[in-house]
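4 protein chains.
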Amino acid sequence: MKILDTGKPSLHVFEMLESEVRSYCRSFPTIFTRAKGCTLWDAAGEAYLDFFAGAGALNYGHNNDDIKKKLIEYIQQDGVTHSLDMATAAKESFLEQFQRIILQPRGLSYKIQFPGPTGANSVESALKLARKVTGRSTIIGFTNAFHGMTLGALSVTGNKFKRKGAGVPLHHTVSMPYDGYMSDQVNTIEYMRNYIDDSGSGVSLPAAIIVETIQGEGGINVASIEWLRSLEMLCKEKGILLIVDDVQMGCGRTGTFFSFEAAGIKPDIVCLSKSIGGYGLPMALTLIAPELDIWEPGEHNGTFRGNNLAFVTAAEALKYWKTNQFSDEIFAKGELLKSGLQDMVASYPHLKGQVRGRGLMQGIAFETQGLAEKICERAFSKGLIMETSGTDSEVAKIMPPLIITESELKNGLELLYTSIKEIAAESYSGEWRRNNDR
Amino acid sequence: MKILDTGKPSLHVFEMLESEVRSYCRSFPTIFTRAKGCTLWDAAGEAYLDFFAGAGALNYGHNNDDIKKKLIEYIQQDGVTHSLDMATAAKESFLEQFQRIILQPRGLSYKIQFPGPTGANSVESALKLARKVTGRSTIIGFTNAFHGMTLGALSVTGNKFKRKGAGVPLHHTVSMPYDGYMSDQVNTIEYMRNYIDDSGSGVSLPAAIIVETIQGEGGINVASIEWLRSLEMLCKEKGILLIVDDVQMGCGRTGTFFSFEAAGIKPDIVCLSKSIGGYGLPMALTLIAPELDIWEPGEHNGTFRGNNLAFVTAAEALKYWKTNQFSDEIFAKGELLKSGLQDMVASYPHLKGQVRGRGLMQGIAFETQGLAEKICERAFSKGLIMETSGTDSEVAKIMPPLIITESELKNGLELLYTSIKEIAAESYSGEWRRNNDR
Amino acid sequence: MKILDTGKPSLHVFEMLESEVRSYCRSFPTIFTRAKGCTLWDAAGEAYLDFFAGAGALNYGHNNDDIKKKLIEYIQQDGVTHSLDMATAAKESFLEQFQRIILQPRGLSYKIQFPGPTGANSVESALKLARKVTGRSTIIGFTNAFHGMTLGALSVTGNKFKRKGAGVPLHHTVSMPYDGYMSDQVNTIEYMRNYIDDSGSGVSLPAAIIVETIQGEGGINVASIEWLRSLEMLCKEKGILLIVDDVQMGCGRTGTFFSFEAAGIKPDIVCLSKSIGGYGLPMALTLIAPELDIWEPGEHNGTFRGNNLAFVTAAEALKYWKTNQFSDEIFAKGELLKSGLQDMVASYPHLKGQVRGRGLMQGIAFETQGLAEKICERAFSKGLIMETSGTDSEVAKIMPPLIITESELKNGLELLYTSIKEIAAESYSGEWRRNNDR
Amino acid sequence: MKILDTGKPSLHVFEMLESEVRSYCRSFPTIFTRAKGCTLWDAAGEAYLDFFAGAGALNYGHNNDDIKKKLIEYIQQDGVTHSLDMATAAKESFLEQFQRIILQPRGLSYKIQFPGPTGANSVESALKLARKVTGRSTIIGFTNAFHGMTLGALSVTGNKFKRKGAGVPLHHTVSMPYDGYMSDQVNTIEYMRNYIDDSGSGVSLPAAIIVETIQGEGGINVASIEWLRSLEMLCKEKGILLIVDDVQMGCGRTGTFFSFEAAGIKPDIVCLSKSIGGYGLPMALTLIAPELDIWEPGEHNGTFRGNNLAFVTAAEALKYWKTNQFSDEIFAKGELLKSGLQDMVASYPHLKGQVRGRGLMQGIAFETQGLAEKICERAFSKGLIMETSGTDSEVAKIMPPLIITESELKNGLELLYTSIKEIAAESYSGEWRRNNDR
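Residue numbers (the working numbering), protein chains in the order written: chain A, 1 to 438; chain B, 1 to 438; chain C, 1 to 438; chain D, 1 to 438.
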């Protein structure tokens, strides 16, 4: 590795050898070497505060010490590392604790499937099972949904750029309007009900509806509690399975372990991944209402279903959920974050920012194209890692590790505030607009 | 965990909490706790010799000491664990070594994509890219192929049970006869050429043909060198991309790092996973001929593309390939294995076994349904882990870690021999047949 | 043929030999032998007034004398009957007159395709061409649309019963809400525009939008002039082709030759069939904006494109359109019909009827399920042929031949009135409800 | 109409007004006005002998006098012309006679569906019904098959140019090798059986197999009797429905009424169209084994199912089949045709012609591209209408009306012989080759 005259590590190796598909290394053009909690360090020794948290995979922070200790112990004693879906002690321990710490106290009853170690694997298994159970083929997804990049998961994803990447038409799905998509006057659940009821609508009774309670990638669109309840009711009435994709919003991101707890609904199938592994290791779960667990043995499989290092770290991470304390802290930090963002928006009204989100998944949506990207770029230059979301990258997104301290959060907000202030000034002076016009 | 009166650990927790989809824990009904090299131990202290190697994900053995050392060091120093596709020192090091140790010496030039940490992710990305590059949609797959369980990968998989699991018709693909599928008289490449050339065949010019050089899951069907060369020639002539799925056969399984080296072909795209991570950790690569690397940034993405622990172990594992020694040893052990299996087949002609495969991917195909399963079950009872393959589970498959010692290999063959002998005796005496008839 | 004791001809032959798929012979259970103008006679000599007009194929009445004369002359002189798509004098004459009488005076410029002799053939050719011209695959159809029963036409049809008949999922189409589908508050064009503009909507830019200006089969849903204009504007803005399926509403049904004339729009492609043949003979046209006529010779073909008897009768029928008189008469009769229907609805408010439609395509929609069917059944018993429409058969539909006289129209309305009166009485007395409950 | 200086009628009107999709009027560039038996006359008074017979729709000749008489009578007495699927006397009469003259004597039992008046409509209805009956979606079609141009029919058609015209990928079908497709050594039925039996073949159990006994459009490929019988046996064994598309080969084209009579098979579903109407009028039938007739009323419909003029002419045409005489004559003329063609082929061995077909569906396949087209063009210049077939137009096809006299047949063969002789001479002298090279 070489440090350039700019003081930044050279990305030469990546430019030469890695595919053009790489993306985040373009937004954050340095080489990271070490990480702890909410901080990353690059090869030049520079520290960065992490408001991105591995896109939601690092809710417990980087290299969390308690978890790390268990992980190293397990490796040192030659615990089984890779086991396909054989039974191992590490998996047994995870199963028991997930049942005892997460499901039981919430009155939830699910069979647990290990569908392969990515969110897309979980979504693919959920769609398959829903079709098998109902004997129907259509799945309803929502505008601006994101569920993954494999062909099945893509077929319920809204983003047209990503869909086009499939190279083939995506079938057996219908895209319905998410909460708020059609203006406030229109109840999109009633609209959907119409399509489902009307024998002339051209949309056949779906096997399932798959939904995110907040659309993170889609621009931090928040479904209301009432909407989620109506959705569950519609599904129950019509015999449609309700799948909640909690890959990004689950594991505490919104304050509760499952993001749907606030709505009091009980989905038929739940997809979990990202932070379920606790330490950023690949792992995913599909939770299945027991009566729907009609899989044949091996009907969905995969080589890395048994990533035991992740089982060990996942089990340890669950300890955060033994009491309400962790949850309460997230809510409190969420409030702090919200008021911070609202202050920024209020300070620079000509930027027309709109605060969105809840818990530690929040952001500011901007009307002017390119503004959010500009702000994130500036923030990075100040040592703050954060990303945009929305199909037109119109939202500056804040999703720090959940274990972030109040003072770290404030520091980060300060950096963000300064970035916005600078961009606002440039924008106001017309400088940024001119740049943007080029 | 409880040890039952039988001396086996109780699987109660798995039966209560895990989905019915679980499969290998049914073939190997115990709870594994520890593993080293070619041996697994269960909770009751019982040792098992591993002729399965994590379905090809453990080519360097369980918890390989050299690799383990690097892994623990990296974790201890808080190296970045999860990085999406940001640049990290661990990734840079892997890229450099893969280039220097694997690609350069073989005269291969590929851009490297990290498509998500499973073989199915790699296949999905390969199909997408092939369609994008050519602007065509059809992909040709082969009878008895296995490429994964996500919707795109399933669409080129032959197994009807697995395809049915999709719950929807699988489109944009055509299943062509693999080498030897139509009797020895028929050159299946010529047959395919006919379909491609003939403007009335109903099969449009495909974007790509995806092939395994040996079909592991499909029953250890081996494509001949000539067939692979003809296939490459056909692709070149017609402007069809050739994708080799080397997920199971790559990383040395057949003796060379890539399974297609023996044929001297240069695929346009190569899928790698399973043992590429070196230690059984989830990781996958898609290798892309440089002129085809027309991905837009982020056009295919995923949360666990940056599993840095796997980059560390993968880089260390590549050291096995610095000289020819490892390769030579695999060939030698492959010969030993072949002669051992041929002896068994010859000893019990009434079982009508047929030895298949090469390198350390070999097996015996049996005509009588259920025989291979019976043998594997018996072997397990003697402390040998091995699985069947083929759509009707008609093949008893042997794929030990590549680092297996000659004496371990002989021990395992001894256990297998005894198992076959017993089953043969029962079969001969009619006992097994009667059991089977029930 | 046998006349039963009931005085009705026996349908025995049909019950024995014809497929169960037959339908209208169940609604009108007699055997018809002779027809003239607006009257049909059955084998028992009974006369029936025709308010159905062959579902719109008999706009000029049964066996129209002027047309009949030309037809017989042509047959007698051995004019070419069947010519595939060879040039014939009969076709040339039709082409010239269609250009001179229909297209030119309306300022319309279209190339004329003979796509096979059914409306579905015309729709299939329109969809193919739209996809070829744009290189895109998605077609937007509307809720409650009906475009035909072949696989392509079905894919843009809303009726779920008919769609299910396909036996396979119907792809590459999206069903959008027709004018008024989502309550009066929602502008469904804006809704569609949203889906098309938003890069995260999951609906890709369509090749075409196919629309009926009035949905006849779908329940006589009338699109407003403003809505049609907005639709055309949306299409123009986005480079989407606008296809008007004028198979049932064209040829004067709404008063003008093309049903879209009132809106002043100029579709890119127009589908015509049913009454274009003039005499009830199978014929269809696809009208194509000249710059879109990029068909290769023979790219869409069919054996019966050259039904010359229909060309002869079609050319003769065009004479009705040489002046405005015919059109004016249709409007006048349409007004008469409207006020007649409104009177009926007003007379029996408890039936909750709603008058729909314009020109000579009108009907009464009823809220109570089964009511419209009951009324049509009663009307038939009184010598009036009329059918229901709507996916739940909730609309009693009136679409007489356009050449109907005022006195015939009044007679028919009288019969309908009596039928409704009787049903209303039975309904009121509860009799019908009880019957219905069984 | 204008007669040009060349003595040919001007095609100006067609060039100006008709779509570019028109094709036969390009091969036969004149305007036809009158026709009788096997002769067509153009506007310039020129006579043409018809070896094309409306692509098989004019088996009983142009304007057949007996049929014409009945047709005119029916029209004159105002018989019902258009009746949707209401019961009419004309339909009843056709049903009775089809049952008595065609089905009963052949020991065949079928329910009769009127699916709309084209072959494609019949194929679409057959595919729908097969999927409904079996609950399966895949249909097997054959290489070089032609079944029609609507989306369902296209999906089982082999021709890639026509398939591409669909503008969307065609799904739910598999293209299998027709008899003889893979060289004489390979039994393509066994190949198919393999795909169907093998649980790893990637091809699921189909709902139906659709086959032409001779592929007319595909190049006059003749399936052997044994092959057809094996096909029926395979279908019976596996519970697959056998659909024979007899649209072109039925109604006596090969000598028997149904083309499959020679093989003694009994398909589950039969598609008939083209000459079933007797006079070249649009009509089609779908014959359904009674136990499969599970259609719901109206589940497949269409406006022109009740083309009564065609019922009248169809019923009259059936009289040809009351005795064996007509059939015997076709066989005799087929022999005469065969020996005539074989003589031609033998006379010009350097043209490498191959005689194909049976009955009055025969032709000569040429190896050199463009030769067949050249011959047909020359034949037309001498007053003989004939067309090519095969996806590369490599076959000069002879399919005169079945009522052709021996002397007409000889005249036609003479004209063909002279055409071939001339082309052969030019070809030999290199003249044609040079022309072709330009």
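A virtual CB, placed ideally from N, CA and C, is assigned to each residue, including glycine.
Note that the coordinates shown come from a computational prediction; the quantities given were computed from them, not determined experimentally.
Residue 296 of chain A versus B/156, B/58 and B/162, residue with shortest Cα-Cα distance
B/162
Can you tell me whether residue 307 of chain D is helix, strand or coil according to DSSP?
strand
Should residue 19 of chain C be flagged as near chain D, meaning a C-beta pair shorter than 8 Å?
Yes, contact with chain D.
Measure from the alpha carbon of residue 217 of chain A to the alpha carbon of each residue in A/115, A/241 and A/149, then state which is nearest.
It is A/149.
Just the chain A side, please: which residues come within less than 9 Å of residue 14 of chain B by C-beta, in chain order?
87, 91, 92 and 95
So, is residue 47 of chain D buried or exposed, given that buried needs 16 or more other C-beta atoms within 10 angstroms?
exposed
Using a Cβ-Cβ cutoff of less than 6 Å, which residues in the same chain neighbour residue 117 of chain D once the five nearest sequence positions on both sides are dropped?
282, 283, 284, 304 and 307
Shorter than 8 Å from the beta carbon of residue 326 of chain D to some beta carbon of chain C?
no
Is DSSP giving residue 325 of chain A helix, strand or coil here?
helix
Can you tell me whether residue 405 of chain D is buried or exposed, with buried defined as 16 or more other CB within 10 angstroms of its CB?
By the neighbour-count rule (16 or more Cβ atoms within 10 Å), residue 405 of chain D is not buried but exposed.
Take the Cβ of residue 16 of chain D as the centre, count every other Cβ of all protein chains shown within 10 Å, and call the residue buried at 16 or more, exposed below.
exposed
Considering only the alpha carbon of each residue, which of B/426, B/189, B/215 and B/184 lies closest to residue 157 of chain B?
Check the Cα spacing between residue 157 of chain B and each of B/426, B/189, B/215 and B/184: the tightest is with B/215.
Taking 7 Å as the cut-off, does the CB of residue 260 of chain B come closer than this to any heavy atom belonging to the ligand GTP?
Questions concerning the ligand GTP fall outside what the structure shown contains, since it holds no ligand whatsoever.
Along chain A, in chain order, which residues have C-beta atoms closer than 9 Å to that of residue 295 of chain B?
19, 20, 21, 22 and 165, listed in chain order.
Taking C-beta pairs closer than 8 Å, name the residues in chain D that residue 397 of chain B reaches, listed in chain order.
Residues of chain D passing the Cβ test: none, with the nearest at roughly 15 Å.
Residue 219 of chain C by DSSP, collapsed to three states: which one?
coil
Just by C-beta distance, which residues in the region 42-68 of chain A are closer than 7 Å to chain B?
43, 54, 55, 57, 58, 62, 63 and 68
Check whether the Cβ atoms of residue 134 of chain C and residue 204 of chain C lie closer than 8 Å to each other.
No; because the gap between Cβ atoms is not below 8 Å, this pair is not in contact.
Nearest chain C C-beta to residue 345 of chain A closer than 8 Å, yes or no?
no
Mind checking the region 69-85 of chain A against chain B and listing, in chain order, the residues whose C-beta falls within less than 9 Å of any C-beta there?
Residues of the region 69-85 of chain A with a Cβ closer than 9 Å to any Cβ of chain B, in chain order: 71, 72, 75, 76, 77, 78, 79, 80, 81, 82, 83, 84 and 85.
Can you give me, in chain order, the residues of the region 199-230 of chain C that have a beta carbon less than 7 Å from any beta carbon in chain A?
199, 200, 201, 202, 203, 204 and 218
Along the beta strand (DSSP E) that carries residue 50 of chain C, what are the first and last residues, could you check?
47-50
Count Cβ pairs between the region 60-78 of chain B and the region 398-414 of chain B that sit closer than 8 Å; are there 3 or more?
yes
Is residue 391 of chain C close to chain A, meaning its C-beta is less than 8 Å from at least one C-beta of that chain?
yes
What ranges does the beta strand (DSSP E) occupy inside the region 259-318 of chain C, keeping only unbroken runs of at least 3 residues that lie completely in it?
The qualifying runs are 269-272 and 285-288.
Tell me, please, whether the CB atom of residue 182 of chain B is closer than 8 Å to any CB atom in chain D?
yes
So which residues of chain D does residue 288 of chain C contact, with C-beta pairs closer than 8 Å?
19
My assumption, with CB atoms under 8 Å, is that residue 321 of chain D sits in contact with residue 112 of chain D. Please give the rounded CB distance.
At roughly 16 Å, the Cβ-Cβ gap does not stay under 8 Å, so residue 321 of chain D and residue 112 of chain D are not in contact.
Would you call residue 69 of chain D buried or exposed, if buried means 16 or more other Cβ atoms sit within 10 Å of its Cβ?
exposed
Along the chain, where does the beta strand (DSSP E) containing residue 99 of chain D start, and where does it finish?
Here residue 99 of chain D belongs to no beta strand (DSSP E), and DSSP marks it neither H nor E.
For residue 210 of chain D, the first and last residue of its enclosing beta strand (DSSP E):
Membership of residue 210 of chain D in the beta strand (DSSP E) is indicated by the continuous run 208-211.
Is residue 282 of chain D close to chain C, meaning its C-beta is less than 8 Å from at least one C-beta of that chain?
yes
Could you tell me the distance, in whole angstroms, from the CA atom of residue 316 of chain B to the CA atom of residue 342 of chain A?
49 Å
Contacting residues, own chain, Cβ-Cβ under 6 Å from residue 365 of chain C (five flanking each side not counted)
354, 356, 394 and 395
Counting only Cβ pairs nearer than 7 Å, list the residues of chain A close to residue 300 of chain C.
In chain order: nothing, as chain A lies at least about 21 Å away.
What runs of the alpha helix (DSSP H), each 4 residues or longer, lie entirely inside the region 154-241 of chain B?
160-164, 188-197 and 225-238
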